[in-house]
Every structure is written in structure tokens, then in C-alpha cells.
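Report on the following structure.
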DNA sequence: GATGAATGAGAATTCATTCAT
DNA sequence: TATGAATGAATTCTCATTCAT
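Residue numbers (this note's numbering), protein chains in the order written: chain U, 827 to 1014; chain D, 827 to 1014; chain G, 827 to 1014; chain X, 827 to 1014.
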């Protein structure tokens, strides 16, 4: 198994699909952009659907790394929370193509069977923050999916607006938004 | 122009696309489900893309009505805000198919050129609430797109989780979430 | 039978087909240009093919009139010959649309079963000229179809070049060409 | 690129179109007759229009070869003229299908932008004959397009009549016609 | 008679996948 | 193992024709 080839195919897939959608990203073009033959894709993936699924899984890994690599394990709940939020936004802004792919994937039938939390951040980490916060009465006692939504819902939204050039973000605005997310979930 | 037919076609489109995605919703199947001939669709719409765009526009209208028909014009900012939030969630939960279509549309290249705010709520209404709130120092002085994201980001998310059966909503949870959104945007 | 309507439909047919070809001249557009409903065409013609055939027959009549209305019955063979030639060219140049239709018709499977002579000129007239000419040893003793081709072949060609704007005709050039055609058929 | 396949597709195209017209020669049938899959055609040609255009260009080449391969470069103007005429007629009679295609092409909107001279004979050769003839006062001093029409107009016509079985040609008649064409253009 | 909306068979074209080299 | 030409089912769209009004 040539791992570089696999990587190239996945990157080509993300590129084309994020730009043109699942349809209008023909295998032939994916192959071309990846500098492999069309048939070669099928040595790595069973079908186009399989390729799409694997492209997503691959992105999941990348995001997890981005967010967790610099995770400050021993800081306050608030700090850990804000770290995750900021790193996520930074990752998305640095990788607009991947961001578009992920959003498309999640909101299509392909991703309908995937919980959003999985990709956003390793469950154990963000859940741990929430659970610890609830226990310490720093965070509202709400179901985890709700806390997740209150956090990642707005962050994803502002990234979309920025990536699609509707509203440009900067550090100040990002910080304000993260702060507002924290206001949403913290015990008042 | 037979308006019932047009409506039927749009509903069939929303139905099939929300379930199977833009591809895998062939015109032939749309026609079949709408009980019209394949060619008939083209009397009302120029192309599949045009049909999809119009289906979205139609949903926009329906949502606007749902949210605005019972709008309490003369109540407090907080009450008006919470009204919009709750009606939106109610509408989405009552129309899961339409919700899925909208999410797919927005996150695909089709909807990339459409600002999300448009559909979520008539701009003038929600913007008015925010602007009035900022003026009265009840709402944080943040750019409108950020306030929008802090509001509709979480709401869309919890609807998605409910519609996809990951986390069941009830009035209590919805109220808590709306309250948390308010906490996110209100002046602390 | 509303004759004006029939005429309008035929004119619309000639117009559209001469410009866009047999395909790309849909019945709906023909109807539109003729200011009648699509279904109305079928009160006058059995099918599109029938319409095309009748459009041709109609043109045949028009041409015949154009050439014969001023026919100088009692002049010399040469004069009568040159009259027919010139009138034909004049008619074609004055009616480029009809010319294009006829050419298309004749060279398509539609017209494959139609002898060209029919339309070019009433058989009896031109044949009479040729036969008389042969008898008087003024015209070469060649089969009539050959004499026809030597006459109408070049004339059609120069009309095509003019109509398609490849080579502009004027009276002088037309006269020279007619003269040359006469040289081709006359006994040397 | 499999050149045999390309050739097969072009031949199938010429075959079907010459018999049934541009419409009524669906890509599916062309593919079938060429013993290739429908999609294969699109590896060689962008569209049906492109295929038709290329089929014509291919015929142009074939005709040119037919006429020029045996061209007697150092003979008299009259001999060279008559050679071109006869070879052209011979080629058409030997290839009635190709002849029908060419005629249809030229007289349809497809070929409206193509000067007829191009296909009939390599311009430089026939033009050279005419120009030389004019200079030597052997040929009438008429514009080249007119000389072209006086020559190829009748020849095409008699071929049409033969191919469509209205009037059977033989060497004697062909020679007489070529002679008559020469009479048309030669200085009297 | 006239209409034109509706039909649906048929056309061009695309593209996931296969397989001989 | 990698290729990419070839496949043909599936898709979008067109348009001659019908028929209820």
C-alpha cells in the first residue's frame, strides 16, 4: 500500500468536493488531480462512497490533532474550554477547503449517521470539561449534546461566514464569540 | 400556470433531496412522486438547479410565515427574541424534511452564495431586536452576524440532533437552550 | 379552414428551419412565431414531416409564379433561357430564407425523393426550351437532366455564395454567369 | 487514442446521417453501428456537433486525396481541369454515402460557415488552374467563385441525380458534362 | 375550431466502475 | 501493481403530439 498515493487521492477528493459538491466531482477528475489513474483509486477504496467516508475519517484525525496537540491539560475549566474553541476556529480558518468538505458531509445523507461531536473534538476531552464543569457548578447542568451545540454551533457558523466571505473574522471578534459561548454554558 | 402542480413538484423535490441528497434525486423520481410527467417539471423550472433554488426560496417563505405570523410586536426585547427562537425550533421539529433540505442546501455549493440569515428569519425583524437591544445596553455590542451565529448556531444544532434522533428534545430542554442563547448575547 | 393561419404556419416553418435546421425548429416555436397554439398546427398538417413537405410544396408554387409570371413566350430560345435563369436568381436573392429552406430540404432525406427540376422551374417550360433548342441544333444534344444540371447547378451555387455572404453578386456578374451557362449548353 | 475506433465512429456517423439526416441519427445508434459503447464516442468528440464537424473534415481529406493523388501536374490547363472534374465525379459515384453526407452538411446550418470550395478540391490546385487559364486567356476572366460554381455546380448536380437514381451516369455522359463545363468557363 | 398545458418517449451526455495490458 | 481506455446504466432535458377545456 502506497500511503502517499492514498493521501493524494483523499486530498484531491476533499478539494474537488468542497468546491463542486459530491456530484460534479467525478472520479476521473479526482484521479487526475491526485496524479493517479482512475482505476488506482479502487485499489484503496471500494467505491466513491467509501472514498468519501474515508476522506471524512481522515479529516477527523487531522482536526483532533490540531485541537489536542497543544491541549493545556492542567488549566482551569474555562481556559481548557476556550483553548478548544479557539484552536477549532483557527484550524477551520486555516483550512477552509477542509471546513467546507466537513460541513457538506455532515449535512448530506453521507454524514447523517455521524454524530457531529466526533469530529469536532475528541469526545472524552470536551465531555470531560463539561462534566467537570457541571460537577463544580461552573457549567450549567444541561445534557452534553446541548452544551456541545451551544459551543460548536456558533463557532461553526462564524467560520462559515468567514470562509464564504460574508463576515471577516479577526482575533478580537473570535475572542468575543468564544467568551459569549462561555457565557451561554456557564452557571450564571 | 397550475399552482398546485408547482407545489407538488417542489414538495417532491424537498422530500427526495432531504432523504437522498442532490444527486440520487433524479428528475424522473421527482416527477413520479409529484404525480406529473418528467417533462412537466420543465414547464415550471428551467433546470434542476433552478428547481432546487426555487424549492429553497419556497421554504424561506414558509419559515418566515411560521416565525412571524404570531410575532409579539410590543413585548420586551427578551420576549421577542425568545419567541423567534422557539418558533423557529418548533417549525423545524414539525418539518424535519424541510429542515434537512435547508441544511443540505446551505452547506452545498448551491447555497454557498446565500446568507444564512435570510432564511432563518426576516432580517428586519431579528436585526431590529438586536439593534434595539444593543442600544438599550441589554445586548452585547457585537456585530450582527456574530449575534446571529450565537443564536441560530445552537438552535440549528439541537434540531439536527433531534431530527437525526441523536438527542430528543422537549419543551424544557428547548427553553433551557433558548435561555442559554440569551445568556450568550445579553450584556452580562 | 383558415387559410391565413395555414400560411402563417408555413412561413414560420420556413423561417425557423432555414435558420436552425429541421431539428432545433420545435413545433412549439413554430406555433409561437405563427401566433397560433401548438395544437392548431395539427388541424392543418398531420405531423411535422407533413408540415415540412407542405412548406416545400408551397415554395414550389411561389417560385413557379416568380419565374413564369413574366415569361416571354414568343422570344428566341436564348432569350427565354436567359429569362428563366435570371428570374430564378432574382427570386432566390430576394428570398434568402426560402432559398436556404429549399436547399436544406433537397439535400436532406426529406427531399431525397423529389426531383430538383420540379421546383426550379415548371418542367414543361424549361424542357420545352431545351427540346426546341436541341431540335434547332442551337442546344447540345444532351439528356435533359444534364442540361438542367448545367443550368441550375451554377445558378444555385452562386446564390448560395451570395446568401451566405461569401461572394456578393451584382447584375453584371449574374449576367456573365447566365451567359456562361448558355455557353455550356449551346451547340458550339 | 485508438484510431481504428475513431474511424469506425466517423464512418458510422456518415452512414447514418447520410441515410436518415442529422436528427434521426441518435448517438446511441451511431455507437451501435460503430461497435462501441455510447460513452466511448465522447472520448473522441466533445459533442454530436463536434462529431459531425470532424466527420466532414475527415471526408474533406479523403476527397482531396482522391482528386490529387493522380494529379497530372505538367499537362495542359484543359487536361488538368478535366482531370479534377472527372476524379471528383468518380469519387462521388464510388462513395454515394459520403456524397450524401457532404451535400447534407453543406446545406444545413452545420455547414453554412464552410465555403464549398474547400472540400471540392484543394484550393491552391483548382485556383491555380483558373488563374493560369485567365492569364493565358484560355479561361474567361470571371471571379474565382463564379468559375468554381460553373464547374462544381453541374458536377454535384449530376452526381446527386445518379446517386438518387434519377438519371444514371456513364463515362460518355460524364465526359460530355465535363466538356460542357469547360465550354462554360473557357474563353469563347 | 382553437387553445396550450401536460405528456412521456427518446435524445445527448455523464461518470462510477471494470479489466486487458 | 498501476494504468486509463472502454463501458453502459443512469441522468438531465427536449419536443412532437394529444386532449380537456
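Glycine included, C-beta positions come from ideal geometry on N, C-alpha and C.
These figures come from a predicted structure and were not determined experimentally.
Give a yes or no on whether 8 Å exceeds the smallest Cβ distance from residue 976 (chain G) to chain X. Yes, residue 976 (chain G) lies at the interface with chain X (some Cβ there is under 8 Å from its Cβ).
In the DSSP assignment, what residue or residues form a beta bridge with residue 893 (chain D)? Per DSSP, none; premise fails for residue 893 (chain D).
Hey, out of G:959, G:841, G:836, G:997, whose CA is closest to residue 873 (chain G)'s CA? G:836
Just to confirm my understanding: we take residue 958 (chain G), look at its own chain, exclude 5 residues before and 5 after, and list those with CB closer than 7 Å. What are they? 903
Reduced DSSP secondary structure (H/G/I, E/B, other) of residue 1004 (chain G): In the structure shown, residue 1004 (chain G) sits in a helix (DSSP, three-state: H, G or I).
At the 8 Å Cβ level, is residue 945 (chain X) part of the contact set with chain G, yes or no? In this predicted model, residue 945 (chain X) has a pLDDT of only 46, less than 50, meaning its place in the structure is not dependable; the value taken from the coordinates is given anyway. So, not an interface residue.
Indicate whether the contact test is met: 3 or more Cβ pairs, each with one atom in the segment 973-986 of chain G and one in the segment 973-980 of chain X, closer than 8 Å. yes
Taking just the CA atoms, how far does residue 876 (chain D) sit from residue 868 (chain G)? 32 Å
For the alpha helix (DSSP H) holding residue 992 (chain D), just list the boundary residues, first then last. No alpha helix (DSSP H) holds residue 992 (chain D); DSSP gives it neither H nor E.
Let's see if you can read the secondary structure: which residues bound the alpha helix (DSSP H) around residue 854 (chain U)? Counting along the chain, the alpha helix (DSSP H) containing residue 854 (chain U) begins and ends at 853-860.
With a threshold of 8 Å, are at least 3 pairs of Cβ atoms found where one atom belongs to the segment 981-998 of chain G and the other to the segment 906-920 of chain G? As far as the Cβ criterion goes, the segment 981-998 of chain G touches the segment 906-920 of chain G, which means the pair count is three or higher.
Suppose the cutoff is 7 Å on Cβ atoms and the five residues either side in sequence are ignored; what does the same chain contact list for residue 1005 (chain G) look like? none
Determine the DSSP secondary structure at residue 910 (chain U), reduced to helix, strand or coil. helix
Counting only beta-carbon separations shorter than 8 Å, does residue 810 (chain G) have a partner in chain X? With chain G running from 827 to 1014 in the structure shown, residue 810 (chain G) is simply not present.
What residues in the segment 873-905 of chain G bring their beta carbon closer than 8 Å to a beta carbon of chain X? none
Please identify, using Cβ separations under 8 Å, the residues of the segment 993-1008 of chain G that lie next to chain X, in order along the chain. 993, 999, 1002, 1003, 1006, 1007
Would you kindly report the start and end of the unbroken alpha helix (DSSP H) that includes residue 845 (chain X)? 829-846
Contact under 8 Å by Cβ, residue 972 (chain U) with residue 1003 (chain U): no
Output the boundary residues of the alpha helix (DSSP H) element that contains residue 868 (chain G). 864-870
Where residue 963 (chain U) sits in the DSSP three-state scheme: coil
At 7 Å on the CB atoms, spell out the chain X contacts of residue 855 (chain G), in chain order. Within chain X, no residue comes near residue 855 (chain G); the closest Cβ sits about 15 Å away, beyond 7 Å.
Mind reading off the beta-carbon distance from residue 951 (chain U) to residue 993 (chain U)? Whole number of angstroms is fine, and I expect it under 8 Å. 29 Å between Cβ atoms; not a contact.
Residue from D:912, D:848, D:934, D:967 with nearest C-alpha to residue 1013 (chain D): D:967
Counting only beta-carbon separations shorter than 8 Å, does residue 959 (chain U) have a partner in chain D? No, its Cβ sits nowhere closer than 8 Å to a Cβ of chain D.
Using the three-state DSSP reduction, which class does residue 1012 (chain D) fall into: helix, strand or coil? strand
Look up residue 958 (chain U) in the DSSP assignment and say whether it is helix, strand or coil. helix
By how many angstroms is the C-alpha of residue 855 (chain U) removed from the C-alpha of residue 839 (chain X)? 29 Å
By a C-beta neighbour count over all protein chains shown, 10 Å radius and 16 as the cutoff for buried, is residue 931 (chain G) buried or exposed? buried
Say whether chain U places a C-beta atom closer than 8 Å to the C-beta of residue 839 (chain D). No, its Cβ sits nowhere closer than 8 Å to a Cβ of chain U.
Look at the alpha carbon of residue 1011 (chain D) and the alpha carbon of residue 965 (chain D), and state the distance between them as a whole number of angstroms. Answer to the nearest angstrom: the Cα atoms are 6 Å apart.
In chain G, which residues lie with their C-beta within 9 Å of the C-beta of residue 968 (chain X)? 999, 1002, 1003, 1006
Residues of chain D with a CB under 7 Å from the CB of residue 990 (chain U): which are they? 938
What's the C-alpha gap between residue 913 (chain G) and residue 858 (chain D)? 59 Å
Quick one, which of U:892, U:899, U:1007 has its alpha-carbon nearest residue 924 (chain U)'s? Distance from the Cα of residue 924 (chain U) is smallest, within the candidate group U:892, U:899, U:1007, for U:892.
Whole angstroms is fine: what's the gap from residue 995 (chain X)'s alpha carbon to residue 844 (chain X)'s? 21 Å
Just the C-alpha distance for residue 911 (chain U) and residue 852 (chain X), rounded to the nearest angstrom, thanks. One C-alpha to the other measures close to 58 Å.
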